[in-house]
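Heads up, the sequence shown is in UniProt numbering, so the first residue is 1 and it goes up one at a time. All C-beta atoms, glycine included, are put in the ideal place defined by N, C-alpha and C. Working notes, beginning with the structure itself.
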Amino acid sequence: MSRPPIYKRVLLKVSGEALMGDRDYGLDIAVLKGIAEDIRDVAALGVEICMVIGGGNIFRGVAGASAGMDRTQADGMGMLATVMNALAMQNWLEKLGVTTRVQSAIPMASLAEPFIRRRAMRHMEKGRVVIFAAGTGNPFFTTDTAAALRAAEMGCDALLKGTQVDGVYSADPRKNPLAERYTTITYLDVLSRDLAVMDAAAISLARENKLPIVVFNIHEPGAFTAVMQGEGKFTTVVDP
Ligand code: UDP
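Right under this line is the structure:
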């Protein structure tokens with residue numbers, strides 16, 4: 001029999017880059033399908049799931065700004081990129097029979113619901129996966145911050161950060177074979193040692209709201225399920 005989940009309600013943050021697979025731009029369908037399968041399996045454990053997806057696989061505001069664009073204009077493009085990713089994720093989840101809703105922080109009524117916290121809560125209670133698109137709806141923010149914000153608003157028990165590595169290491173494990181993976185680490189350690197978990201605003205928001213951040217490898221099939229059962233490899237960012 002499978003072990004009961006360690007969290008009842010979680011927000012899963014996946015960066016846009018994680019959806020590229022081996023490409024250098026856009027979406028890799030196999031990656032989307034793989035993540036969708038893992039989400040389906042976690043939902044089947046009875047876990048309530050919401051998601052924030054980044055847009056870095058398509059467009060980042062800072063890149064536009066460094067090419068001479070107005071930053072707010074460029075960030076608008078970045079937020080629209082996250083909507084494209086959210087619709088793609090919705091597509092592959094629904095093909096697996098997972099009921100979903102996309103809620104956008106920028107109103108676009110014919111594509112997605114507007115972000116309405118209480119409605120999102122209700123969706124999750126009914127077992128629907130809610131995908132939050134368009135970040136916070138404001139320029140100069142990131143989808144990491146949007147993830148911490150929505151996780152706090154939705155009363156999530158944890159923020160799951162699906163990355164390319166299976167946790168937080170003392171050094172880059174791809175360069176240093178002696179690098180050790182932490183089981184737990186504090187928010188302050190992550191901030192003061194500049195460990196690339198999430199940006200500082202997101203870490204601070206999570207800390208203020210006592211929201212554990214669980215870092216795991218989203219590309220390992222079954223890893224999300226294992227993490228939710230307290231097994232497998234991951235690092236939890238939490239205060240002692
Ligand atoms: N963005 C924004 N406000 C937000 C979230 C995102 O303006 O609240 C824009 C910003 O330009 C950012 C882009 O959307 O570069 C894509 O998000 P992010 O870089 O966080 O994506 P990820 O790195 O997770 O793929």
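If you count every other CB in all the chains shown that lies within 10 Å of the CB of residue i, and 16 or more means buried, which is it?
i: G61; result: buried
i: Y187; result: buried
i: G167; result: buried
i: G135; result: buried
i: R117; result: exposed
i: A223; result: buried
i: Q73; result: exposed
i: P240; result: exposed
i: D38; result: buried
Whole angstroms is fine: what's the gap from residue i's alpha carbon to residue j's?
i: L11; j: A179; result: 28 Å
i: L159; j: I131; result: 14 Å
i: E220; j: A44; result: 18 Å
i: V42; j: N85; result: 20 Å
i: K175; j: K33; result: 30 Å
i: residue 266; j: V31; result: Here the chain comprises residues numbered 1 to 240, so residue 266 is not present and cannot be evaluated.
i: R9; j: R128; result: 12 Å
i: A201; j: T145; result: 6 Å
i: Y169; j: R181; result: 4 Å
i: residue 241; j: G68; result: Examination of residue 241 is not possible in this model, given that the chain is present from 1 through 240 alone.
i: V237; j: S66; result: 32 Å
i: K95; j: S192; result: 43 Å
i: D199; j: R150; result: 15 Å
Answer yes or no: do residue i and residue j have a C-beta to C-beta separation smaller than 9 Å?
i: A147; j: V52; result: yes
i: K233; j: V197; result: no
i: A18; j: I218; result: yes
i: D75; j: F115; result: no
i: T235; j: T183; result: yes
i: A112; j: A81; result: no
i: T100; j: K13; result: no
Looking at the secondary structure, which residues open and close the alpha helix (DSSP H) in which residue i lies?
i: R71; result: R71 to K95
i: L32; result: I29 to A44
i: L188; result: Y187 to S192
i: S204; result: A200 to E208
i: V227; result: A223 to M228
Our contact map puts residue i next to residue j with C-beta atoms below 8 Å; I'd like the distance itself, whole angstroms only.
i: Q229; j: S2; result: 7 Å
i: V190; j: I203; result: 6 Å
i: G55; j: G21; result: Not confirmed; about 16 Å, so no contact.
i: N209; j: A152; result: 4 Å
i: G16; j: I58; result: 6 Å
Could you spell out the range, first to last residue, of the beta strand (DSSP E) harbouring residue i?
i: A9; result: It is Arg, not Ala, that sits at residue 9 in the sequence shown. Counting along the chain, the beta strand (DSSP E) containing R9 begins and ends at R9 to V14.
i: G61; result: It is not in any beta strand (DSSP E) - G61 instead sits in the alpha helix (DSSP H) that spans G61 to S66.
i: M121; result: M121 -> not in any beta strand (DSSP E); alpha helix (DSSP H) instead, spanning R117 to E125.
i: I218; result: Premise fails: I218 is in no beta strand (DSSP E) and is neither H nor E.
i: L19; result: Unbroken run through L19: none, as it is neither H nor E.
i: R150; result: First-last for R150: T143 to E153, but that is the alpha helix (DSSP H), not the beta strand (DSSP E).
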